[in-house]
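S.K.: Below you will find the structure I want to go over with you.
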Amino acid sequence: MASETTAAASEPAVDAPASSPKQPPPEKPSETRRRSYIIFSFWLIVLVLGLPIWWKTTTIYRANLPLDRMLQWAEGKACRPVFPLQISVRADALPDPEAQHLVRLTQHALDDLNDFSGHHLRLQLAPKDAAANASTGNDGKQEEPALTIRLTPGESSAASLNPQSAELDMTYALNSIPSLNSASSALASLIADELRSTFAEEQSIISYLLSTSSMSSGARRQALTPEVTEALAKRTTKSLRYAPTYHLTFSLFTDGAVPSRWDIEAAVDAYMRPVLDVLRPIHNFTIDTQVQLYATPGVQSQVLNKEHLASFINAAEWPLSPSIGGAPTVNFVVFVGNQTIWLGSEVETSQSWMIPQWGTVYLLSLPPTATHVSVETLKQPVLTFGGHLLSLLGTPQSGSLPLRLSTLARIRSTDLLLRASSSLGSLARLSLALPSISIPRSVADGVSTTMHHLERACASLGGPEGLRHARIAEEEAERAFFEKSMVGQLYFPDEHKIAVYLPLLGPVGVPLVLGLINEVKNWLKRRKQRAQEAQEAREKKGQ
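Rendered as structure tokens:
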């Protein structure tokens, strides 16, 4: 009997109802409201306080830039490069009416020949009074003409350029003077042809600079042949990039113990200082010298071929001075030895060669016992260095030295104007391509200064003021484009921002978002229940 009772007790009650899980007590309305207030207070703090602070502290400052104006400069729409050059005509032997008529005919002939609209050659008859030789500008300063034509009577018409000054000496036959009622003159055509020939190289160089820049639409360029274009491209490749200051290093290298002294300072003062003085309005120069004994060249051959010249400089062992103070260095090396350069024939030999964008090497032969290099011995090397320096600076090859230097100033003005305009365009395109890049206030100030000086330079390209303003514009444009704080933003992509924010905002944001979602669900649930209870109440009331 007991066993049956135990068995019956161990069997489960099949007909017993299943037990339901115990529900939590209903939440009080006050607790519901408290929980909602807590969640909404967190979100209120995030939206009202957190987001503004985050936005203020993480927003990248972008100063306003005149992007449209900057692109106009880069595309050549803001400036049309024009070089107004004043040509003074001195015809003291001619009466004023005949001289004025000759100048007018020459100006007409010159305008007909001019195929480069950027050059405005304007002829002006100089007064016969020597004291009034130079015209005076609005600021009270005397304006020197780009070229002076001196007309003197002679047996025939001929022209020659003065090698020491910017003067064109022309002789004319008495019967070649045009009458006051004539519409053309052979003498006027001859003067126009000489002027065109004098400034032909300058026109070609400026036209080439415009054709290789984005400002080519600013002026009608002169048509250049492929041969001229190739020659100008080679010259541009060999020339040094413009800099306000260059450092000149004169080095004496010898493969033995002598010579150990040289009069380089006196030689530079005597034979190169005049060249540096005339270049002073365009460039500044600093100079140092050195002597290196037991210097072994890279090539030991006595007769050097053109293939040997590239490896003659022993850069690994020769202490060639680097750039000092940020200025580019131009090296002038005198190597004492018995080497010569073979130019392809038994007669043609040379003692020097120029290295593009670097300097010059001169091979100097001295007696084995010579311990001192005198000024007379250094005359030819230093004169060679002076000529090569002009070539390295991009000086035109034709014309007198003063005329070549004034042409160099206008070429440098054009080059700097184009480079500054190109930098403005690059900065504008960079700002448009990278909306998240920082643009400091200093960049905006640099752009404003650049555009101001570009306008001044464009208005005075024919004179020294154009070079000064173009130099300042190029420096400010380069400084603005390579601003350190702005360049650092180029290498900070959006993936880095995500990697920084996720570990910080993830643990905080997930509970806030889930709590808000749950609260919205509970609110919708309560609203639905209230709607059902209201419906049931209306149904009961209707019954």
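The numbers in the numbering used here rise by one with no breaks, and the one at position 500 of the sequence shown is 501. For each residue, glycine too, the CB sits at the ideal point set by N, CA and C.
In the structure shown, what three-state DSSP assignment does G155 receive?
M.R.: As a working note, residue 155 is residue 154 in the sequence shown. Of the three classes helix, strand and coil, the one that applies to G155 here is coil, per DSSP.
S.K.: When the distance is taken between beta carbons, is A184 closer than 9 Å to T107?
M.R.: Sequence index remark: in the sequence shown, residue 107 carries index 106 (1-based). Sequence index remark: in the sequence shown, residue 184 carries index 183 (1-based). No; because the gap between Cβ atoms is not below 9 Å, this pair is not in contact.
S.K.: In this structure, how does DSSP classify T361 when only helix, strand and coil are distinguished?
M.R.: Stepping through the sequence shown from its first residue, residue 361 is reached at position 360. In the structure shown, T361 sits in a strand (DSSP, three-state: E or B).
S.K.: For E145, which option in H497, L435, Q125 has the closest C-alpha, if you only look at C-alpha atoms?
M.R.: Numbered from its first residue, the sequence shown carries residue 145 at position 144. Nearest option by C-alpha distance: Q125.
S.K.: If you reduce the DSSP assignment to three classes, tell me which class R527 lands in.
M.R.: Translated into positions along the sequence shown, residue 527 becomes position 526. Three-state DSSP puts R527 in a helix.
S.K.: Which first and last residues belong to the alpha helix (DSSP H) in which F41 is found?
M.R.: Mapped onto the sequence shown, residue 41 falls at position 40. Start and end: 30-46.
S.K.: Within 10 angstroms of its Cβ, does D416 collect 16 or more other Cβ (buried), or is it exposed?
M.R.: Mapped onto the sequence shown, residue 416 falls at position 415. Buried, by the Cβ-count rule.
S.K.: Would Q533 pass as an interface residue toward chain D - the criterion being a Cβ-Cβ separation below 9 Å?
M.R.: Going by chain labels, chain D is absent from the structure shown, which holds only one protein chain.
S.K.: Which stretch, first to last residue, makes up the beta strand (DSSP E) that contains S314?
M.R.: Within the sequence shown, the letter at position 313 stands for residue 314. In the sequence as presented, Ser is not what sits at residue 314; that position holds Ile. Per DSSP, I314 belongs to no beta strand (DSSP E) and is neither H nor E.
S.K.: For N306, does the count of other Cβ atoms within 10 angstroms reach 16, so buried, or fall short, so exposed?
M.R.: Translated into the one-based positions of the sequence shown, residue 306 becomes position 305. Exposed, since its Cβ has fewer than 16 Cβ neighbours within 10 Å.
S.K.: Could you tell me the alpha carbon to alpha carbon distance between G516 and I61, rounded to whole angstroms?
M.R.: Taking the first residue of the sequence shown as position 1, residue 516 is located at position 515. Taking the first residue of the sequence shown as position 1, residue 61 is located at position 60. Their backbone Cα atoms lie some 32 Å apart in a straight line.
S.K.: Would you list, in sequence order, the uninterrupted beta strand (DSSP E) runs of no fewer than 3 residues that lie entirely inside the stretch 72-116?
M.R.: Taking only runs of at least 3 residues, the beta strand (DSSP E) segments lying wholly in the stretch 72-116 are 84-91.
S.K.: Threshold first: 3 residues or longer. Then list the beta strand (DSSP E) segments lying entirely within the stretch 225-284, N to C.
M.R.: With a minimum length of 3 residues, the continuous beta strand (DSSP E) runs that stay inside the stretch 225-284 are 246-255.
S.K.: Identify, in the order they occur along the chain, each residue of the same chain with its Cβ nearer than 7 Å to the Cβ of Q401, setting aside the five sequence neighbours on each side.
M.R.: Your numbering for residue 401 matches position 400 in the sequence shown. Residue 401 is actually Ser in this sequence, not Gln. If we look at S401 and ignore the five residues flanking it on each side, its Cβ neighbours are L162, N163, P164, Q165, S166, A167.
S.K.: By a C-beta neighbour count over all protein chains shown, 10 Å radius and 16 as the cutoff for buried, is E534 buried or exposed?
M.R.: In the sequence shown, the residue the question calls residue 534 occupies position 533. So E534 ends up on the exposed side.
S.K.: Looking at the strands, I want to know which residues DSSP matches up with S351.
M.R.: Numbered from its first residue, the sequence shown carries residue 351 at position 350. DSSP lists I342 as partners of S351.
S.K.: For L294, name the three-state secondary structure that DSSP assigns.
M.R.: Here residue 294 corresponds to residue number 293 of the sequence shown, with the count starting at 1. DSSP places L294 in coil when its eight states are reduced to three.
S.K.: Let me confirm a value: I46 is counted as buried when at least 16 other C-beta atoms fall within 10 Å, else exposed. Which label applies?
M.R.: Translated into positions along the sequence shown, residue 46 becomes position 45. I46 should be labelled exposed.
S.K.: What does DSSP give as the partner residue(s) for R123 in the beta ladder?
M.R.: If you number the sequence shown from 1, residue 123 lands on position 122. Its beta-bridge partners are Q87.
S.K.: If you run the structure through DSSP and keep just helix, strand and coil, what is V376?
M.R.: Here the question's residue 376 lines up with position 375 in the sequence shown. Three-state DSSP puts V376 in a helix.
S.K.: If we count the other Cβ atoms within 10 Å of its Cβ and call it buried at 16 or more, is A132 buried or exposed?
M.R.: Sequence index remark: in the sequence shown, residue 132 carries index 131 (1-based). Residue confidence is low: A132 scores 43 on pLDDT, short of 50, so the model does not pin down where it sits. Its coordinate-derived value is still stated next. Its Cβ having fewer than 16 others within 10 Å, A132 is exposed.
S.K.: Just how far apart, CA to CA, sit A311 and L404?
M.R.: Mapped onto the sequence shown, residue 311 falls at position 310. Mapped onto the sequence shown, residue 404 falls at position 403. Distance between the alpha carbons of A311 and L404 is about 34 Å.
S.K.: Between the C-alpha atoms of S136 and Q87, what's the straight-line distance to the nearest angstrom?
M.R.: Position 135 of the sequence shown, counted from the first residue, corresponds to residue 136. Position 86 of the sequence shown, counted from the first residue, corresponds to residue 87. Unreliable positioning characterises S136 in this predicted model, as indicated by a pLDDT of 46, which lies under 50. The coordinate reading is nonetheless provided below. C-alpha separation (whole angstroms): 10 Å.
S.K.: In whole angstroms, give me the CA-to-CA distance for A92 and F117.
M.R.: On the sequence shown, residue 92 is found 91 positions in, with the first residue counted as 1. On the sequence shown, residue 117 is found 116 positions in, with the first residue counted as 1. Cα to Cα, A92 sits roughly 28 Å from F117.
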